[in-house]
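Protein chains in written order, with my numbering: chain D, 56 to 330; chain P, 47 to 358; chain V, 7 to 275. Backbone N, C-alpha and C fix where the C-beta goes; we use that ideal spot for every residue, glycine too. On a predicted model such as this, the values are computed, not experimentally measured, just so you know. Below is one structure, written out as C-alpha cells; the observations come after it.
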Amino acid sequence: MKRFAARMGPIGMVAVVIVAIVVLGAVLAPIIAPYDPTIGSVTQRYLGPSLEHLLGTDQAGRDIFSRLLWGARSSLVGPLVVVTITAVIGTTLALTSVWWGGFVDSSISRVLDLLFAFPNLLLAVLAISVFGASLTTAALALSIAYIPYTARVIRSTALRERNLPYIKSPQLQGISGIVITARHLLPNVAPLIVTGATINFGFAMIELAALSFLGLGVQPPDADWGLMVSSGQQSLISGYPAESVLAGLCIVITVASLGYIGERLGGRSAAGRKA
Amino acid sequence: MFVVRRLLALVGVLFASSFLVFSAMYAAPGSPENFLVQGRTVTPEVLAAIREQYSLDDPFFVRFWNWLTNVLQGDFGQSLTNRQPVGDLLANRLPTTLTLVLLAAIIIAVLGIGLGIVAGVRDGIVDKVILLGSSLGFAVPTFFAALLLMSIFSVGLGWFPVFGSGDGFFDRIWHLALPALALALPSAAVVARITRTAIREERDSEHSVMAIARGVPARIVLQRHVVRNSMLPVSTIVGVHIAGLIAGSFVVEYAFTLDGLGTLLVGAVQRKDFAVVQAIAIILVAGFGIINLAVDLLYAAIDPRVGTKKAS
Amino acid sequence: MMLDIRSLSLSIAVDGGEKSILRDISLSIDRGEAVGLVGESGSGKSMTLRSVLRTEPRNATVTGVITLDGVDVLALKGEPLRQLRAHQIAMIAQNPHAVLNPVLPISRYLVEGMHDAQGLSKTAARVRAGELLEQVGIDGVDRVLASYPHQLSGGMLQRVVIAGAIAGKPSLILADEPTTALDVTTQAEVMAILDDCRRELGMALLFVTHDLDLAAAVCDRINVMKDGVIVETGEPDQLRDRPAHPYTKELMDSRPASVMWSPDAGGTK
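Written out as C-alpha cells, the structure reads:
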C-alpha cells in the first residue's frame, strides 16, 4: 500500500481519491441520490443550488445532483465493459499471435489492420446504424475498435519475451503453450495490460459520452454525463449552464485523474497513446 | 519501393473496409430490404428501385461488386429517405467538413507544437502552466469544449456566430473558428505534452550535449539538434491526431449545427438512411487511410534511417 | 603546466541528500603531454573530463579550481566558455553513434564544428572537412561526407570524431574510452590515428580508460582512480614494476596480459 502511494505521488493520490469518490457515488447512487433522476416537475425548473437541490434543477425540473450520481453509473459502466473486453480479447489475440507466430500471427495482424483503418467513433456509428442506438451497442462496438491498439502493444512486448530462455526451455520440455503463456508470459505483460486499461478507460469514457451527446448512445430520459451535456445545451445558451457544465466537469475530472494514474502506473506519458 | 508497398497496402485495406461497410447491413436481423426500408411505407416502384440499387436479386458478391464499382465512379446511390442522389448531398457537405478539419489541423500543429517547444525549452512558471494546461486539456471532450467555447464567446461575448458555416472565405473561417478550436483542443493538449517531453529528452541527448561541448552556439544546437530531432516522434503523433479529427468532427458539427458530413451522418443514422451512412463511412475510411499514409511517408522523408532499418 | 586541476570535488543531488562523485581530485598536464586516467566504471573518471568541459549534470555541485592556460574554467560562462570549448578543448567520447546526430550527414557534423563553432566560412569548412578525413586515414572522402551515421561502422565514425576534434587544433584533447565500443582490430587502428595526430599537432591528451595496458602504451603519465579519488600517479613502468597503492597492484594483477604471459614477451608496446 505504501509502495503504491509512493508510486502515485501526492497528486496521484488525490487522483485516486477522486476516482474512488466517483465510483462510490455511482455504486451508491440508488441509496444516496435524493431524487429520482428521471422525474421532474415543470414548476421546479432551473432552480439554483439550495439545501433541497444541492446543485439545482435542470430544464425539466429534475434534480441535477441525483442525475449526476445516476449518470456516473452509465458513464462508468460503459467504459468498464469496453476496457474489460478489449483487455481480454486483445491480450488473448496478442499472446496467441506471439505464441504460434507464422500464419496465425499474420492472419490476426491482417484482421487487426482492417480494424485500425476505421476511426473508432465511425465503427461505433456504423454498428449503431445497423443495430440501433443504445449504450450496449456503443460499448460493444467501441470494444472492437480498441482491440487492435491493445493487441499491438501487448504483442510487441510479448514478442521480446517469447524467445528468451525462460519461455523457450519449458517449451522444449514439452509443456503446453497455454500453460507457459499463462504462467510466464502473462505475468510479464500484466502491468502493461493494467496501464493500458486505465488509459483506455478515459478514452472510452469520452468517446461513449460523445456518442450519447450525439443521441446515439444512452437514450433519454436516462441520466448520463454525455447525454446531460447535450440536453443541457439549450439551457446553457439560455443562461442556465448548470447541467451541461457540471456534467462536463465530471467527465473532465474523472478522465484527467485516470490519465494521471495511468501515467504513474506506466511510468511514461499517457497522453496521446491509446495502449 | 517503400511508397508503392504502402499504397498497395492502403488499397487492400480500403477494399476490405468497403466490404465490411457493405456487408454491415446484412448483419441486421431480418431481410436486407426490410432493413433498408425500416418500416417506412413505400410504393412498389421505390421498392424496386431499392432492389435495383443494391442488386438484391443478384448473388452476394455480384451485389458487392456492383456497389463498389458504382461508388468508385462517384455513384453512391440514392438517399433512402428523400430519394436525392447521395453524391450530391455529400458534395454539398464536404467543403465545410474539410475546412473544419484543416483549420483544426493547423491549430493542433501550431498551438500544440509551439507550446510544447516553449515548455520544453524553458523551465519555471511558463513550463508549469503549459504542463498543467495540457494535462487537463486532454481530458476535455471535444463536445464539452465546443459548448464552453460557444457559451463564452458566441452567446456570452458575441464575438463569433452561434451556428452555420457562412459564405465566402473569411466569413467561413470566422464561423468555423470556434468549432475548429473545440475540435483541436484535446489533441493540441496531447501534442504539446508529447512535444515537451521529446524536447526535454533531446536536450539531454548525447549529440546535443556534445554539440554544446564542441562550442556550437546554443541557439543553433536548439534548432538543429533539439527541435529538429524531436520533430520525428512529434510528427507521428500530430499525424495520428489529425487523422483522428475525422471522427471528432461529427461531434463538433453537431454541437454547432454546421452543415458538414458529420451532421449528415448523425442525421442519417437517426433516420436509418443506410445508403447515406455507407457512403459517408467509406469516404471517411478513405480519408483516414490517406492521412495515415501521408504521415508514414512524411516520417520516412525526414528520418534517413527509415527504409534501411526496419523501425519497430 | 597547461591544464591544472586542483582539489576538484563534485557531488550530485539525489533523493535525500548529496552523492559524492569526485573527491579532491588534483592532476596536471603539460603542453603536449599525454596523461592517463585509469579506473573501473563508477570511479569518476568520465565525470572528471566533463568537469573540464563544463558539461557536468545540471544538478551537480562543483568545487575546486580548474585552470587551462591560466584561465579559470569553472568561472567561465556564456561566450568565453563557448570559445574555450570551440578552440582550446576537444572531446572524443565513447560511442560515436550517439555523438553524431542520426538525421544529419557527416559533412554537417564536421562543418558545424568548424563553421558554427569555430567561425570558419562554410566553404573553407567544407574543404577542410575533406582534408581532415584524409588525415585520419579515410578513403572515399566524398562518399563518407555524404553518408549518414547509421551507414558507417563504429571505427569509421570514431575517425570522423577525431577529425572533428583536431580541426581547430585544440591545446587539449579529452578522450573518454574512445575505443571501448570498438572491436579489437579497429581499436588498435583508431588508437594509432589518435596518437599520431596528437603528436603531430603537439596536442595534450587526457586519456580516460579502464584498460591499464592501453593507457600505458599511449601515456607519459598515469593517474589511477578509485571511487572518486586519485590513489596513485606515476609513469607506466613505475606503476607496473613498483605499484605503491594496493588498488594499483590489483589493477596490474587483473590485466589479461599479466595472467596469460609475461609483460616482456610481446604485448601492446
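Let me see if you follow: with CB-CB separation under 8 Å, is residue i close to chain P or not?
| i | result |
| --- | --- |
| D:Leu-79 | no |
| D:Ala-326 | The predicted model places D:Ala-326 with a pLDDT of 38, which falls under 50 and marks its position as unreliable, so this point remains unresolved. |
| V:Thr-73 | no |
| V:Asn-229 | no |
| V:Thr-186 | no |
| D:Pro-174 | yes |
| V:Asn-65 | no |
| D:Phe-186 | yes |
| D:Ile-292 | yes |
| V:Ala-160 | Reading the sequence as shown, one finds Gly at residue 160 of chain V and not Ala. Output row for V:Gly-160: interface = no. |
| D:Leu-241 | no |
| D:Tyr-315 | yes |
Determine whether the Cβ of residue i lies closer than 8 Å to any Cβ atom of chain D.
| i | result |
| --- | --- |
| P:Thr-377 | The displayed coordinates of chain P run from 47 to 358. Any statement about residue 377 of chain P would go beyond what the structure contains. |
| P:Ala-277 | Correcting the residue type first, residue 277 of chain P is Met in the shown sequence and not Ala. Chain D contact via Cβ: absent. |
| P:Phe-184 | yes |
| P:Met-256 | no |
| P:Ser-63 | yes |
| P:Phe-106 | no |
| P:Gln-130 | no |
| P:Leu-310 | no |
Just to confirm my understanding: we take residue i, look at its own chain, exclude 5 residues before and 5 after, and list those with CB closer than 7 Å. What are they?
| i | result |
| --- | --- |
| P:Ala-347 | none |
| V:Val-105 | Ala-99, Val-167 |
| P:His-221 | Pro-207, Gly-210, Ser-211, Gly-212 |
Between residue i and chain V, is the shortest Cβ-Cβ distance under 8 Å, so that the two count as touching?
| i | result |
| --- | --- |
| P:Gly-261 | yes |
| P:Asp-349 | yes |
| P:Ile-326 | no |
| P:Glu-252 | yes |
| P:Ile-154 | no |
Say the cut is 7 Å; is the CB of residue i nearer than that to a heavy atom of the ligand ATP?
| i | result |
| --- | --- |
| V:Ala-173 | Absence of the ligand ATP from the depicted structure is noted, as is the absence of any ligand whatsoever, leaving it without description. |
Measure the beta-carbon distance from residue i to residue j and round it to whole angstroms, keeping in mind my assumption that it falls under 8 Å.
| i | j | result |
| --- | --- | --- |
| V:Val-150 | V:Leu-138 | The Cβ separation is near 11 Å, so there is no contact. |
| D:Thr-253 | D:Leu-320 | 6 Å |
| V:Ile-18 | V:Ile-27 | 6 Å |
| P:Val-315 | D:Leu-271 | 6 Å |
| D:Ile-119 | D:Ala-297 | 6 Å |
| D:Val-310 | D:Gly-257 | 4 Å |
| V:Ser-49 | V:Leu-14 | Rounded, the Cβ-Cβ distance is 14 Å, inconsistent with contact. |
| P:Ala-327 | P:Val-67 | 5 Å |
| V:Ala-187 | V:Asn-101 | 5 Å |
| P:Ile-23 | P:Ala-230 | This structure cannot settle anything about residue 23 of chain P, because the visible part of chain P is limited to 47 through 358. |
Can you name, in chain order, every residue of its own chain whose Cβ lies under 8 Å from the Cβ of residue i, other than the five neighbours on each side?
| i | result |
| --- | --- |
| P:Ala-223 | Leu-149, Phe-206 |
| V:Met-197 | Pro-184, Thr-185, Leu-220, Ala-223, Val-224 |
| V:Ile-199 | Val-142, Gly-143, Arg-165, Ile-168 |
| P:Val-280 | Ile-159, Gly-162, Val-237, Ile-240, Thr-241, Ala-244 |
| D:Gly-327 | Confidence is the limiting factor: at D:Gly-327 the pLDDT is only 37, short of 50, which leaves the residue's position unreliable, though a coordinate-based value still follows. The answer is none, since no qualifying residue turns up. |
| P:Ser-295 | Thr-143, Leu-146, Val-147, Ala-150, Leu-229, Gly-306, Leu-307, Gly-308 |
| D:Val-166 | none |
Counting only the same chain and skipping the five closest in sequence on each side, list residues whose C-beta sits under 6 Å from that of residue i.
| i | result |
| --- | --- |
| D:Leu-170 | Pro-203 |
| V:Thr-192 | Gly-161 |
| P:Leu-56 | Gly-335, Leu-339 |
| P:Ser-63 | Val-331 |
| V:Glu-238 | Val-230, Ala-250, His-251, Thr-254 |
| D:Thr-93 | Pro-276 |
| P:Thr-142 | Ser-211, Leu-304, Asp-305, Gly-306 |
- request: Pick out the complete alpha helix (DSSP H) segments inside the stretch 172-258 of chain V, 4 residues or longer, and give them in chain order.
  value: 190-207, 218-224, 242-247
query: Is the stretch 124-135 of chain D touching the stretch 273-288 of chain D, taking contact as three or more C-beta pairs under 8 Å?
result: The stretch 124-135 of chain D makes contact with the stretch 273-288 of chain D: 3 or more CB pairs, one atom from each, lie closer than 8 Å.
task: Could I get the ranges of all uninterrupted alpha helix (DSSP H) runs contained in the stretch 32-108 of chain V, with 4 residues as the minimum, in chain order?
output: Taking 4 residues as the minimum length, the alpha helix (DSSP H) runs contained wholly in the stretch 32-108 of chain V are 51-59, 84-89, 102-105, in order along the chain.
- prompt: In chain order, which alpha helix (DSSP H) runs of at least 4 residues are fully inside the stretch 244-311 of chain D?
  reply: 280-286, 288-293
field: Segments of 4+ residues assigned as alpha helix (DSSP H) that fall wholly inside the stretch 98-156 of chain D
entry: 119-155
query: Do three or more CB pairs link the stretch 163-176 of chain V to the stretch 212-222 of chain V at distances below 8 Å?
result: no
- prompt: Quick one: complete alpha helix (DSSP H) runs, 4+ long, within the stretch 195-259 of chain P?
  reply: 215-249, 252-259
- prompt: Three or more C-beta pairs closer than 8 Å, one from the stretch 70-84 of chain V and one from the stretch 232-247 of chain V: is that the case here?
  reply: Output reads no: the stretch 232-247 of chain V does not touch the stretch 70-84 of chain V.
message: Using a Cβ distance threshold of 8 Å, determine whether the stretch 209-218 of chain P contacts the stretch 121-134 of chain P, with at least three qualifying pairs required.
response: no
query: Is there contact between the stretch 179-196 of chain P and the stretch 262-269 of chain D, where contact requires at least three CB pairs shorter than 8 Å?
result: yes
Touching by the beta-carbon criterion (3+ pairs, under 8 Å), the stretch 172-180 of chain D and the stretch 229-248 of chain D: no
Contact the stretch 186-201 of chain D vs the stretch 214-228 of chain D: 3+ CB pairs below 8 Å: At 8 Å Cβ cutoff, the stretches do not touch.
field: the stretch 151-158 of chain V in contact with the stretch 170-181 of chain V per 3-pair CB rule at 8 Å
entry: As far as the Cβ criterion goes, the stretch 151-158 of chain V does not touch the stretch 170-181 of chain V, which means the pair count is below three.
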